[in-house]
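Below is one structure, written out as C-alpha cells, with a few remarks after it.
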Amino acid sequence: MTGPDVNGAPVVGMTDMETETAILSLLTERVEIYPAFMIGELRRLHPHLSPERIRQVLDRLWTERRVARLWHRYMLPGDVDAVRTKWLSTLSRNRAEFERMDPSEGAYEDGIAILNAWDGWSIGNEKA
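Going by this note's numbering, the sequence shown opens with residue 2, and the numbers climb by one from there.
The following block contains the structure:
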C-alpha cells in the first residue's frame, strides 16, 4: 500500500494481509500480549507499519474470532484454555491476598465464575 507522507512523497506501508500475518506470527511467539506491547514489537520489526492499522486489523481479527482476548490481552484462540488455567491458578494461589483487597462476600467466587464463563470473545453474554 502506498500513500503520500506529509511532504507528498510516497510512503510504502504494509497491506492488511501483511499486517495480519505479522500479528498472527507475533502471537505464535508471545501468549497474552497487551496491544501497546504488540504495537511496539511490530513497529520494531516493521517500521512502516502504523499503530492505527495494527489496531484496525487486530479488531477485525478479534471480530472474526481469529484472535481472542482477556482484559485487553490478545492471544490465539488455541491458547484460551491454557490462559484460563493460568489465571485460575494465579487466583487460587493468591486467594487470601485477593480477598484482603476485596473483602466483598463472593468476590473471589465471582472472579472464578467470570474466568470460567470466558471463551475469548465473551464472558457469558457480554463481549470480553
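Using N, Cα and C, we set each Cβ at its ideal position, and we do this for glycine too.
Computed from a predicted structure; not experimentally measured.
Going by DSSP in three states, Thr119 sits in which element: helix, strand or coil?
Note that residue 119 corresponds to Trp in the displayed sequence, not to Thr. Of the three classes helix, strand and coil, the one that applies to Trp119 here is strand, per DSSP.
DSSP on Glu30, reduced to helix/strand/coil?
helix
Is it buried or exposed for Asn8, if we count other Cβ within 10 angstroms and need 16 for buried?
With a pLDDT of 43 at Asn8, under the threshold of 50, the predicted position of this residue should be treated as unreliable, though the coordinate-derived value follows. Asn8 is exposed by the Cβ-count criterion.
Take Glu33 as the anchor and find which of Ser93, Glu98 and Trp88 has the nearest alpha-carbon.
Trp88
Continuous alpha helix (DSSP H) stretch holding Leu50: start and end
Careful: Leu50 lies outside any alpha helix (DSSP H) and carries neither H nor E.
Cβ of Arg56 within 8 Å of Cβ of Pro36?
yes
CA-to-CA distance, Gly41 to Asp120, given in whole angstroms
27 Å
CA-CA distance, Ala108 and His49?
45 Å
Compare the Cα-Cα distances from Lys128 to each of Thr64, Glu106, Ala114 and Thr91 and report the closest residue.
Thr64
Check for me: the alpha helix (DSSP H) holding Leu89 runs from which residue to which?
Val81 to Arg94
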